[in-house]
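In our numbering, the protein residues as written are 3 to 272. From the three backbone atoms N, C-alpha and C, an ideal C-beta is built for every residue, glycine too. Step one of this worksheet: look at the structure below.
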Amino acid sequence: MSSNLRFLFVGDIIGPAGLAVFLKHLPELKDKYSLDSIVVNGENSAKSGRGITEKIVHKLVAAGVDTITSGNHIWVNREIYDFLNRTDKLIRPANFPTECPGHGYAIYQVNGKFVAVMNLQGRGFMRETIDCPFKKAESLLTFLKTKTNTIFVDFHAETTAEKQALANFLDGKISGFFGTHTHVQTADERILPKGTAYITDLGCCGSIDSVIGMEKEVIINKFVTQLPAKFVPASIPPFAIDGVIVDIDSISGFAVKIERIKIIDNSAIE
Ligand SMILES: [Fe+2]
Ligand SMILES: [Fe+2]
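Below, the structure is given as structure tokens:
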């Protein structure tokens, strides 16, 4: 029997349209790729495109998602704070102060094997003053390694250099490292020299004819005027589901294969 496990990782789900498109295509993705486990970033899945609600978490879990990662936008919806303390399905960046609600990692079982997912946030061009993601990853890994060899990191960060640096810092110590937050998929998926699957950014799940998944005009106007603006998730087709499929040898914990995917849907969402 193969000891390989196959995972789907999907970048930030953007608003109701992104959520609907993801849920619409998930059954066929499960079938087509014989997925063992699914991890998505949900930090923009709320109606406003900022944050996530308990209801959305339940919907994603009911559809078969094992862990929902997040990022800087997780704190927008205060109603989620209490839920963050109670759930083991939704995680937030581990390098925020320990006083913050929620947990920075999740451990769950896939086909009888333990899997861990860690969420971290970058510091370059991000507003929050948070702990060093390198040091936090190192200390959390000491603990997670006692539980499993199959460990993933969602690194929610703005800059490519910070993502590449942390990925190479962790190469050989984790199974896969996936960037999120820019909402634009990069074409640099590969297995790093010591066995860790890598992509600088998974991309997002939402409307393509947009600026990072949001309505174009609002963002253009913000750049032109420099005035504060409320972003609105774009809801017109075509839509894309961006992510990677990763095969992991669950005994060694090393990556066997990484494949970048972009599912395009041209139909309108009700
Ligand atoms: Fe995001
Ligand atoms: Fe973000």
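Subject >> Enclosing beta strand (DSSP E) for Gln111 [first to last residue] >> reply: 107–112
Subject >> Through-space distance from Gln187 to Phe179, alpha-carbon basis >> reply: 14 angstroms
**OP:** Compare the Cα-Cα distances from Lys232 to each of Ile238, Phe241, Glu219 and report the closest residue.
**Re:** Glu219
Original post:
Over what stretch of residues does the beta strand (DSSP E) that includes Phe180 continue unbroken?
Top reply: 178–182
Original post:
Hey, would you say the C-beta of Gly73 is under 6 angstroms away from at least one heavy atom of ligand 2?
Top reply: yes
Subject >> Range of the contiguous alpha helix (DSSP H) that encloses Thr227 >> reply: 218–227
Original post:
Among Lys26, Ile16, Asp33, Gly17, which one has its Cα closest to the Cα of Phe9?
Top reply: Asp33
**OP:** Could you tell me the boundaries of the alpha helix (DSSP H) in which Thr202 lies?
**Re:** It is not in any alpha helix (DSSP H) - Thr202 carries neither H nor E in the DSSP assignment.
Subject >> Other residues of its chain near Pro103: CB distance less than 6 angstroms, five sequence neighbours each side excluded >> reply: Tyr83, Leu86, Asn87
Subject >> Pairwise C-alpha distance: Gly73 and Ser4 >> reply: 34 angstroms
Subject >> Whole runs of the beta strand (DSSP E) within the stretch 150–175, excluding any shorter than 3 residues >> reply: 152–158
**OP:** Give the DSSP-derived three-state secondary structure of Arg52 in the structure shown.
**Re:** coil
**OP:** May I have the straight-line CA-CA distance separating Ser212 from Lys26, to the nearest angstrom?
**Re:** 21 angstroms
**OP:** Would you give the residue range spanned by the beta strand (DSSP E) that Lys138 belongs to?
**Re:** Not the beta strand (DSSP E): Lys138 falls in the alpha helix (DSSP H), residues 135–146.
Original post:
Alpha carbon to alpha carbon, what distance is there between Glu272 and Lys137?
Top reply: 45 angstroms
Original post:
Which residues share a DSSP beta bridge with Ile16?
Top reply: For Ile16, which the question treats as bridged, DSSP gives no partner whatsoever.
Original post:
With respect to the alpha helix (DSSP H) encompassing Arg88, which residues constitute its N-terminal and C-terminal limits?
Top reply: 82–88
Original post:
Exposed or buried, what is Ile253 when buried is set at 16 or more other beta-carbons lying within 10 Å of its beta-carbon?
Top reply: exposed
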